[in-house]
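Some notes on the structure that comes next.
2 protein chains.
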Amino acid sequence: MLPKKDVLLIKHLVLNKSAEAHKILANLHPADIAQILSEIKNGNKKLFFQMMTSSKAAEVLEEFEPHDRLQIIDEMSEAETIKILENMSVDEIIDLFQEMPTAQAESLLRKLPQEDYDELKSLLKMAEDTAGGLMTTDYVYVFSDATVDEAISDVRQFGQKAETIYYIYVVDDKKHLKGVLSLRELIAAPRDKKIEDIMHTNIVSVHVDQDQEEVAKIISRYSLLAVPVVNEANRLLGIVTVDDAMEVIEEENTEDIHRMAGITPEEDIALSKTIWGASKKRVLWLIICLMGDMLSSKVIDGFSHVLESMVAVAFFIPVLMATGGNVGTQSLALAVRSMATEKLTRKNVLSFIVGETLAGLQLGIICGAIVSILAFAWQKNPQLSIAVGLSMGISLVIASLIGILVPVIFRVFNIDPAVASGPFITTIVDISTLAIYFTVSTYLIDVISPNIVSTVKEVLT
Amino acid sequence: MLPKKDVLLIKHLVLNKSAEAHKILANLHPADIAQILSEIKNGNKKLFFQMMTSSKAAEVLEEFEPHDRLQIIDEMSEAETIKILENMSVDEIIDLFQEMPTAQAESLLRKLPQEDYDELKSLLKMAEDTAGGLMTTDYVYVFSDATVDEAISDVRQFGQKAETIYYIYVVDDKKHLKGVLSLRELIAAPRDKKIEDIMHTNIVSVHVDQDQEEVAKIISRYSLLAVPVVNEANRLLGIVTVDDAMEVIEEENTEDIHRMAGITPEEDIALSKTIWGASKKRVLWLIICLMGDMLSSKVIDGFSHVLESMVAVAFFIPVLMATGGNVGTQSLALAVRSMATEKLTRKNVLSFIVGETLAGLQLGIICGAIVSILAFAWQKNPQLSIAVGLSMGISLVIASLIGILVPVIFRVFNIDPAVASGPFITTIVDISTLAIYFTVSTYLIDVISPNIVSTVKEVLT
């Protein structure tokens, strides 16, 4: 992050169209210029872009989210936009076009050079969250029958616009992917060797329709700088680079955390940018859980005679519900994250469940003992404190089990385990906790309630 | 992931010491060999390592978590271990040594070549979760007064063991970092140019003590393949590469999700690998929240006259508590994640809070209306259903506010906002929800309770 005083200074220089501003912008990293721009009023942003070369402007624009790119572009003339687009990488243009009204995208597309037009047209058809939607077509390839010398000169010539020249992809004359070579290996190889004799043939590649999360995981798993994207016929279509993979991982993590909290990810609903849009992604799980918790109400209703005979039973509803919910959410988080990082697999699922049950038992004994002591100190009623402690113990074991079993079952039925949100688990746990508490209480406390009732009657009469 | 049948076949070949196994292992990616090894019984793993070259064995070992590396090494003789260590990159050896008993690490260290010994000794002093703990010293540097030609031959000569040769760091004779150059730029430059004339001097670097999460964010922000690590005097000490940054991001995400669910991250407690260890990281927040929820119990106690006059008031405790907790957790997740991705900053915090409050109001109106209608349909009591609906509305606004304000306040006091776990927020929300519900109920229902009491008296007498 740029220090605040630098941001202010540069803002000042640009907005006053100082001669110095050109030089300063030329030396700043695109990410830093983007940081400054995010603090500039709309309408003034175009000043910055007019002070940069088109290629720098393109790099800066790429730093923004597609939606914000659109806003910036709307400030510029179409001619200015075209110039910047010509310098942007293909995958970034696609992200932008996907955000635009079709007519605007179509009009811009027509003004781009013909070869870009065809390429962009076909890329625009790919789904956004797949390898195809993520890839760029700016990569370096050489033919398998070329020599090292020819390959190096190809890299020099065609590598200018490529996203990376550190991996060189080897293809046949029909562009089937045959091998891969790092630049490091290429420059170390004897100049007259044939590429096919030094290339690696066990290639890690992804299918054009593969989910972007899987693509990012493959790049991370094999510590790659880029991964080639192919179709069914193994034809090379593009590459996905490590920086795009990092963005995907951040995006997917936001989604996981939101899902855990019962927030529907933006991609799952058509989200307007209004305030109502913000509530829309939260209301679904709230209503589902609200309906579920009405069952908890029914449980209390079913046992209202217990409450009528001893109102103090109600005092411990919150602490039991809350602790059960917390343990369920903990188990859920452990299960979901262990699945995402492949630490919980089909092979060890049973020992994972057993481990969680034992953990639930330990937590149940500890929390049960504490709440039991607190209850006795407060209410001086041995039956009630035993009922509260025992219910806590049992319900924490059950809560642990629910927290782990629900995502496991979801996985078996091929539902994303992260959909089993915290609120959903908490609702199920609430119902079971209250059922346990009131059943235990009925057994332990009901035996004394007739006396109380008759005592009350005696007093009143 | 390797298909299951391949895994089984390779397992079979290696365990039976088949001649083919050598060749197959040589052609497999280290990540895939690691996958197979994770399914092999301890004691048999060394067979795999004996069938690989030391450099392949080193790459495979690097795929494992430090703790698992230790287990594998324990199967091997010290001589075998030394051979593998000599082929491992420095940062990975450090991770391993940090996991070992000091005596074992010291004994292995003494058997390594003297130059490695000194280097490892100084690296071992760095804190694990800083740039220093993450960096490798295997990088390529050239002197600023060298020519492009000299630099290329340096890269060829010293680049063999380097983690990356795609960034070349330029230093003076005291190893102060002066500039950086990509391999791409180096090979495109005229052979007789001086390095200092073509290098970039606005360098993104990190301090050796900087937190690993910040380091990863910088690599991601500037789309780097590696970042140089320097000390106060700007002396170049090492580099952190993008694949290590990706691992850090995954680690930190696991931590965030766990913290959200009230699970203390492993690094914060000395964690034994027993079952008790698994509960230990969960019990802290459970007990804190249990104590907090006893305050909820006190709230109910304080209003027990309301329950005594109308037991149905208790029926809606679960649905109000659960929905309030859910909304609070949602706001928390949005706030924490927006801070982590720098979408919520000091500048827009006020409009974020206003937005959350409005969202809470909308959710309150929707959920309040639904629960009010359900309550009336069930209990046919207008006062009660208004009390429930109104309490729901008010408490969801408050819950939204608590969910956003607590992490914001934590941030102001420089506490990691992710420490404000879901359970913690839920506990505060529970107390406020119950206070709101019983206060509203007292006003709306108490007015009719004297009649009920006198009716009961009449019936009983």
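The listed protein sequences correspond, in order, to chains A and B. For the first sequence, my numbering gives the first residue as 1, with consecutive numbering after it. For the second sequence, my numbering gives the first residue as 462, with consecutive numbering after it. Glycine included, C-beta positions come from ideal geometry on N, C-alpha and C.
One Cα belongs to residue 783 of chain B, the other to residue 640 of chain B, and the distance between them is close to 57 angstroms. Of all residues in the region 297-316 of chain A, only 297, 300, 301, 304, 307, 308, 311, 314, 315 and 316 come within less than 7 angstroms of chain B when Cβ atoms are compared, listed by chain position. Residues are counted here when their Cβ sits less than 7 angstroms from a Cβ of chain A; for the region 696-714 of chain B these are 703, 704, 707, 710, 711 and 714, given in chain order. One alpha carbon belongs to residue 427 of chain A, the other to residue 548 of chain B, and they sit about 53 angstroms apart.
Among the residues of chain A, none has a CB under 7 angstroms from the CB of residue 785 of chain B; the nearest is roughly 10 angstroms distant. Cβ neighbours of residue 404 of chain A within its own chain (closer than 6 angstroms, five residues either side excluded): 331, 335, 353 and 356. Annotation: residue 373 of chain A has no Cβ neighbours in chain B at a cutoff of 9 angstroms; minimum Cβ distance is about 11 angstroms.
Restricting attention to B/590, B/588 and B/599, the CA atom closest to the CA of residue 576 of chain B is found in B/599.
The CB of residue 887 of chain B comes closer than 8 angstroms to the CB of 322, 325 and 326 in chain A, given here in chain order. The three-state secondary structure of residue 690 of chain B, taken from DSSP, is strand.
By the neighbour-count criterion, in which 16 or more other beta carbons inside 10 Å mark a residue as buried, residue 151 of chain A falls on the buried side. Residue 51 of chain A has a beta carbon lying at 8 angstroms or more from every beta carbon in chain B.
Residue-level contact check: residue 258 of chain A touches chain B, since one or more beta carbons of chain B fall below 8 angstroms from its beta carbon. Inter-residue distance for residue 425 of chain A and residue 751 of chain B is about 19 angstroms (C-alpha atoms, whole angstroms). Under the Cβ distance rule, residue 262 of chain A counts among the residues neighbouring chain B, one pair being separated by less than 8 angstroms. The C-beta separation of residue 492 of chain B from residue 221 of chain A comes to about 5 angstroms, placing the pair in contact by the 8 angstroms criterion.
From the beta-carbon of residue 790 of chain B, the residues of chain A found nearer than 8 angstroms are 261, 262, 422 and 423. Residue 604 of chain B: not part of any alpha helix (DSSP H); member of the beta strand (DSSP E) spanning 602-604, first to last residue. Here residue 71 of chain A is exposed, its C-beta having fewer than 16 other C-beta atoms within 10 Å. In the structure shown, residue 639 of chain B adopts extended strand secondary structure according to DSSP, grouped into three states. Nearest Cα to residue 52 of chain A within the set A/80, A/337 and A/283: A/80. In the DSSP assignment, residue 236 of chain A is bridged to A/230. For the region 349-381 of chain A, the full-length alpha helix (DSSP H) segments reaching 4 residues or more read 349-379 along the chain. The alpha-carbon of residue 765 of chain B is positioned some 31 angstroms away from that of residue 723 of chain B.
At a C-beta separation below 7 angstroms, residue 755 of chain B has these neighbours in chain A: 319 and 374.
For the region 21-38 of chain A, the set of positions with a beta-carbon nearer than 7 angstroms to some beta-carbon of chain B reads 27, 29 and 31 in chain order. By the beta-carbon neighbour count (other beta carbons within 10 angstroms, threshold 16), residue 67 of chain A is exposed.
Below the 7 angstroms Cβ cutoff, chain B contributes 490 and 492 as neighbours of residue 222 of chain A, in chain order.
Sequence-distant Cβ neighbours of residue 242 of chain A in its own chain, meaning closer than 6 angstroms and more than five residues away, are 219 and 225. The continuous beta strand (DSSP E) containing residue 628 of chain B extends over residues 628-632. Along the region 547-560 of chain B, there is no position whose C-beta sits under 7 angstroms from a C-beta of chain A. Residues of the region 363-396 of chain A whose Cβ lies closer than 7 angstroms to any Cβ of chain B, in chain order: 363, 366, 367, 370, 371 and 374.
Nearest in C-alpha terms to residue 903 of chain B, of all of B/848, B/875 and B/705, is B/848. For residue 798 of chain B, the uninterrupted alpha helix (DSSP H) run begins and ends at 778-801, by DSSP. Looking at the backbone, the Cα of residue 551 of chain B and that of residue 597 of chain B are separated by about 6 angstroms. The Cβ-Cβ distance between residue 396 of chain A and residue 360 of chain A falls below 8 angstroms.
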